[in-house]
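Residues in the first sequence are numbered from 1385 upward in steps of one, following the working numbering.
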Amino acid sequence: MIYSNNMTDTRVRFAPSPTGKVHIGNIRAAIYNWLYARHTGGKFILRVEDTDLERSTPEAIRVLMEAMEWLGLDWDEEVFYQTKNVKRHLEVVDRLLASGHAYKVEKTSREGKTGIVTMFKMPKEGVIEFDDIVKGRMSKKAEDIPDFAIVRSDGSPIFHIANVVDDIDQRITHIIRGDDHVENTFKHICIFKALGAEVPKYAHLSMIVNQQGKPYSKRDGAAFVGEFRESGYLPEALFNYLLLLGWNPGDEREILSRDEMVGLFDLAKVHVTAAKFDIKKLLWMNGEYIKKIPQEKFVEEVKRQAAMVVSPLPKRDGDWWNYLAAQLQVRTKMMGDIKEGVRYLFTDDYPVDEKAVEKRLKKPGVKEILEDLAARFGKVEDWSAAPLEELVKGLSQGNGMGPWVHPIRVAVSGRGEGIGLFEMLQLLGREKTLERLERAAKSL
RNA sequence: GGCCCCUUCGUCUAUCGGCUAGGACAUCUGGUUCUCAUCCAGGCAAGAGGAGUUCGACUCUCCUAGGGGCUGCCA
């Protein structure tokens, strides 16, 4: 029989409809599917549900695959395109019609179109049940589910039949998907049974919600994978964070390597309740992952972003870059912040924080301090952080360097925060430092 | 409205009948320090409400309240 199902090897699928954007809730389903496949040594299959011809463009499919590749969600076997299986869907519908599990009827759609659609005939009595791996025993009276359409009046198969037939054809053993499909599951189980196919195991994942408890949408902030990527989140951090939104290893570990995740992942421990998306924790986690980036790679990223400020990059030696990168790495929470964080090092055209100017420069005596410093700095022999710090320390006479440090920082970088001041001066160089100190002094 | 599901600190969560309810993020305090950050030490903060079962309930059962999902010729 065609529908024989060999359940020995785990086969899971991620079946998104390509819309050009990949929502985090959706990609979390992909992550759970992927982890389950890798954990069990099974197959993770990508099925593109591209039956909506309007939105399913090659571009949309490319965006989808890019998001998956970015997160390291590699799929096994050839990508399955649902549109290529339409003939099969319709064949199966004929079989259902022949066996009395489906019938045709004239219906009027919401839009007012009248035509002949094919309906699946639900059992009229009894209880439909299944054990959801995350939600537990689910059951529903058959009479509570009305018959539903499986072929449109234009002859195209509808989601319910296409989905089930594809799952059978692809020998899917575990269906791990969003919570919004639980009600459909009762319908789908009836289709599997009507076809004499083995019913797969189900695991329904709760939704990701916003602070108000409503489904997390683009109105709540970054909602699509591409947006996180653009703002400078690391794929490892997003992956880890999304995984923890509804699952944990059972101990107190939170930052997990991919291998640990694969080894520890367990569908039965996935939470039933919806999780609120907390961007602050993601940000923290991103910082943790940034700290783990090998220095050589981080330096490359710094250079790449610096090149967005000035191109071509001015000549600086390797030590200079390493020094800068080391200063930045521990403070960077989002990769995208690097660019603005180094701007003042490469150009005089950098933004000035007016608040910092008010607070640190526009104070009595500051003009004199800056002029005095410029004079002293001019005489420093070894222009590097340590001697510069010694010099200022001497001026402060052990009373704290604040009165000197803060004005210098704002005068040379335009900001009230950033990397260590003396490291900053070393990186900037004597010439630029003096020039900016003098310019600031003059403006006061 | 009907059906299904959910409910521990502000947030993510641990707890599978013994809890002085633990951790992380956020927040606050202190230390390190030139800012920010890191790092270190510490603080604040939770079982929706009500019955029942039990020697004992956050854990089991029921009810109530609140929240969510579904109820398409969308997926």
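The beta carbon of each residue, even a glycine, is placed where N, CA and C say it ideally should be.
Test item: CB-CB of residue i and residue j under 8 angstroms
{"i": "residue 1591", "j": "residue 1563", "result": "yes"}
{"i": "residue 1796", "j": "residue 1821", "result": "yes"}
{"i": "residue 1477", "j": "residue 1406", "result": "no"}
{"i": "residue 1716", "j": "residue 1671", "result": "yes"}
{"i": "residue 1473", "j": "residue 1649", "result": "no"}
{"i": "residue 1660", "j": "residue 1593", "result": "yes"}
{"i": "residue 1565", "j": "residue 1394", "result": "no"}
{"i": "residue 1573", "j": "residue 1612", "result": "no"}
{"i": "residue 1638", "j": "residue 1628", "result": "yes"}
{"i": "residue 1739", "j": "residue 1828", "result": "no"}
{"i": "residue 1556", "j": "residue 1584", "result": "yes"}
{"i": "residue 1802", "j": "residue 1720", "result": "no"}
{"i": "residue 1416", "j": "residue 1516", "result": "no"}
{"i": "residue 1464", "j": "residue 1554", "result": "yes"}
{"i": "residue 1497", "j": "residue 1512", "result": "no"}
{"i": "residue 1714", "j": "residue 1681", "result": "no"}
Span of the beta strand (DSSP E) around residue i
{"i": "residue 1827", "result": "Per DSSP, residue 1827 belongs to no beta strand (DSSP E); it is in the alpha helix (DSSP H), 1814-1827."}
{"i": "residue 1562", "result": "1558-1562"}
{"i": "residue 1513", "result": "1511-1516"}
{"i": "residue 1503", "result": "1498-1504"}
{"i": "residue 1769", "result": "Here residue 1769 belongs to no beta strand (DSSP E); instead the alpha helix (DSSP H) covers 1769-1780."}
{"i": "residue 1714", "result": "That residue, residue 1714, is in no beta strand (DSSP E); it is neither H nor E in DSSP."}
{"i": "residue 1396", "result": "1395-1398"}
{"i": "residue 1587", "result": "1585-1589"}
Close beta carbons around residue i, own chain, < 6 angstroms, minus the five adjacent residues each side
{"i": "residue 1488", "result": "1500 and 1502"}
{"i": "residue 1455", "result": "1619 and 1623"}
{"i": "residue 1404", "result": "1444 and 1447"}
{"i": "residue 1767", "result": "1814"}
{"i": "residue 1440", "result": "1402 and 1434"}
Own chain, CB closer than 8 angstroms to residue i, minus 5 neighbours either side, in chain order
{"i": "residue 1726", "result": "1686, 1689, 1690, 1693, 1708 and 1712"}
{"i": "residue 1775", "result": "1760, 1761 and 1764"}
{"i": "residue 1571", "result": "1504, 1506, 1529, 1532 and 1544"}
{"i": "residue 1479", "result": "1579"}
{"i": "residue 1704", "result": "1811"}
{"i": "residue 1460", "result": "1421, 1427, 1428 and 1429"}
{"i": "residue 1508", "result": "1526 and 1527"}
{"i": "residue 1386", "result": "Unreliable placement is indicated for residue 1386, whose pLDDT of 40 sits below 50; the coordinate value is still reported in the next sentence. Closer than 8 angstroms at Cβ, skipping near neighbours: no residue."}
{"i": "residue 1469", "result": "1546, 1549, 1550 and 1553"}
{"i": "residue 1646", "result": "1419, 1422 and 1423"}
{"i": "residue 1602", "result": "1608"}
Sequence-distant residues of its chain with Cβ nearer than 7 angstroms to residue i (five each side left out)
{"i": "residue 1605", "result": "1663"}
{"i": "residue 1729", "result": "1811 and 1812"}
{"i": "residue 1798", "result": "1728, 1734, 1735, 1736 and 1737"}
{"i": "residue 1542", "result": "1533, 1534, 1535 and 1536"}
{"i": "residue 1805", "result": "1789, 1792 and 1793"}
{"i": "residue 1723", "result": "1689, 1692 and 1693"}
{"i": "residue 1829", "result": "What the structure shows of the chain is the stretch from 1385 to 1828, and residue 1829 is not part of that stretch, so it cannot be assessed."}
Limits of the alpha helix (DSSP H) - the one that residue i falls within
{"i": "residue 1655", "result": "From DSSP, residue 1655 is part of no alpha helix (DSSP H); its letter is neither H nor E."}
{"i": "residue 1422", "result": "1408-1424"}
{"i": "residue 1681", "result": "1679-1690"}
{"i": "residue 1629", "result": "Premise fails: residue 1629 is in no alpha helix (DSSP H) and is neither H nor E."}
{"i": "residue 1339", "result": "The question about residue 1339 has no answer here: the residues shown for the chain are numbered 1385 through 1828."}
{"i": "residue 1642", "result": "1642-1648"}
{"i": "residue 1427", "result": "Not the alpha helix (DSSP H): residue 1427 falls in the beta strand (DSSP E), residues 1427-1432."}
{"i": "residue 1676", "result": "1663-1676"}
{"i": "residue 1795", "result": "1786-1797"}
Proximity test, residue i beta-carbon vs the ligand GDP heavy atom, cut-off 7 angstroms
{"i": "residue 1513", "result": "The model depicted lacks the ligand GDP and carries no ligand whatsoever."}
I'd like to know if the region 1443-1452 and the region 1693-1710 are in contact, where contact means that at least 3 CB-CB pairs between them fall below 8 angstroms. no
Given 8 angstroms, three or more beta-carbon pairs between the region 1393-1410 and the region 1430-1439: yes
Spell out a yes or no on whether the region 1572-1589 and the region 1537-1550 are touching, meaning 3 or more CB-CB pairs, one atom from each, closer than 8 angstroms. yes
Three or more C-beta pairs under 8 angstroms: does that hold for the region 1621-1635 against the region 1404-1419? yes
At least three beta-carbon pairs within less than 8 angstroms, the region 1735-1755 to the region 1775-1792: yes
Alpha helix (DSSP H) segments (min. 4 residues) lying fully within the region 1722-1767: 1722-1730 and 1750-1763
My parser needs the beta strand (DSSP E) runs of 3 or more residues fully inside the region 1520-1583; what are they? 1520-1525, 1532-1535 and 1558-1562
Is there contact here, the region 1807-1820 with the region 1739-1753, by at least three beta-carbon pairs under 8 angstroms? no
Check whether the region 1625-1642 touches the region 1652-1668, taking contact to mean three or more Cβ pairs, one atom from each stretch, closer than 8 angstroms. yes
Jot down the residue ranges of each uninterrupted alpha helix (DSSP H) in the region 1448-1495, minimum 4 residues, whole runs only, in chain order. 1470-1482
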